[in-house]
Amino acid sequence: MELSVIPLFLCAKADRLPARQREHTERGERMNLKLMEENGVLVAAVAGEIDHHSAVLLREKVDRQIAARRPRKLCIDLSGVSFMDSSGLGFIMGRYRNMAGLGGEVSVKGAQGRIEAVLQMSGAYRYVRKAEEENT
Amino acid sequence: MIKGNNSVKLTLPAISINESYARVAAAALAAQADPTIEQIADIKTAVSEAVTNVIVHAYRGMPAGKVYITMKLDEKGIFTVTVRDTGCGIEDIGRAREPCFTTAPAEERSGMGFSIMETFMDSLRVRSRPGRGTTVTMIKRL
Ligand SMILES: Nc1ncnc2c1ncn2[C@@H]1O[C@H](COP(=O)(O)OP(=O)(O)OP(=O)(O)O)[C@@H](O)[C@H]1O
Ligand SMILES: [Mg+2]
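Line by line, the protein sequences are chains A and B. When the first sequence is numbered by this note's numbering, its final residue is 136 and no position is left out of the sequence of numbers. When the second sequence is numbered by this note's numbering, its final residue is 1142 and no position is left out of the sequence of numbers.
Set out below in structure tokens:
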């Protein structure tokens, strides 16, 4: 089986990576997640489509990393996302609540087109900061 | 390109894997009217919202039923999509359509689905009977 078509839920091994490891990638059917940590900032770079189906897996993977690494900041990079509906909004706001509960914050960057429209419309930017491309 | 007179009927199990199937099918029919990329994105997002609502809300506390989708594209480029279920129905449609109203906050829903459908499409009509089901009809002029 080609690596790129391994569903996310089969990647159980990745969960057992030591918390110290800097970077790893999760691959889903229509969504990929790349996690990087630098100086207490956890960057979750999502690529592909975020809907109710993929958000379930996304949530689980990101929360596991938040619990293991306790970052002070989570940056959700949406620049590789081609589709997102209200489930993506729920994912972002849910992580905002989790991070706020731990005294941390959330930023979002790279939202384009209708994805940015969904974020604007919902008022999400009242809670999560909009980061510029090269920042977190 | 000649704008078609075409229609599609789909019956899908109300399971989350079919969210992408439904919006891709809607985009494929709409594409026959030579729409802009933005119009395609609007239709995909709105159809995804309606179908996700069926999967998330309609069959709560009962065996997952089906989502019935009919789509039509007429020769004037008017795209009409209907998403129907035979689930629990909506008690108060006016309230359900308000931004930020959700009955499922614990599942990370934020109550924006109907607002998104309304904004991204030219019209949205919701009909529902508690205990019988819900029908959402949306129109987009391409
Ligand atoms: N097909 C349906 N059957 C039963 N109830 C529904 C259906 N569609 C919507 N609802 C009800 O209407 C409410 C509002 O729907 P809406 O899509 O706007 O928000 P949501 O689904 O709760 O959250 P979000 O769409 O932002 O994830 C839902 O919480 C639910 O109670
Ligand atoms: Mg919804």
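Built from N, CA and C at the ideal position, the CB exists for glycine as well.
* **Test: A:R114 CB closer than 8 Å to a CB of chain B** => yes
* Asked: So does B:H1057 have its beta carbon nearer than 7 Å to some heavy atom of ligand 1?
  -> yes
* **7 Å Cβ shell around A:V5 - same chain, five flanking residues per side excluded** => Summary for A:V5: the model assigns pLDDT 29, below 50, so the residue's position carries little reliability; its value from the coordinates is reported in the next sentence. No residues qualify anywhere along the chain.
* Can you name the start and end residues of the beta strand (DSSP E) that B:D1085 belongs to? -> 1078-1085
* To do: Let me know the secondary structure DSSP gives B:Y1068 once reduced to three states.
  => strand
* Asked: Which runs of the beta strand (DSSP E) fall wholly inside the segment 36-72 of chain A and span at least 3 residues, in chain order?
  -> 41-50
* Sheet register partners of A:M142 (DSSP bridge) -> No answer is possible for residue 142 of chain A: it lies beyond the span of chain A, which begins at 1 and ends at 136.
* **Alpha carbon of B:T1070 to alpha carbon of A:L33, nearest angstrom** => 34 Å
* Same chain, Cβ closer than 6 Å to B:H1057, neighbours up to 5 away in sequence not counted -> none
* Beta-carbon neighbours of A:R30, restricted to chain E and to distances below 8 Å -> In summary, chain E is missing from the structure at hand, where the protein chains are A and B.
* Backbone CA spacing between A:L102 and B:D1034 [nearest angstrom] -> 49 Å
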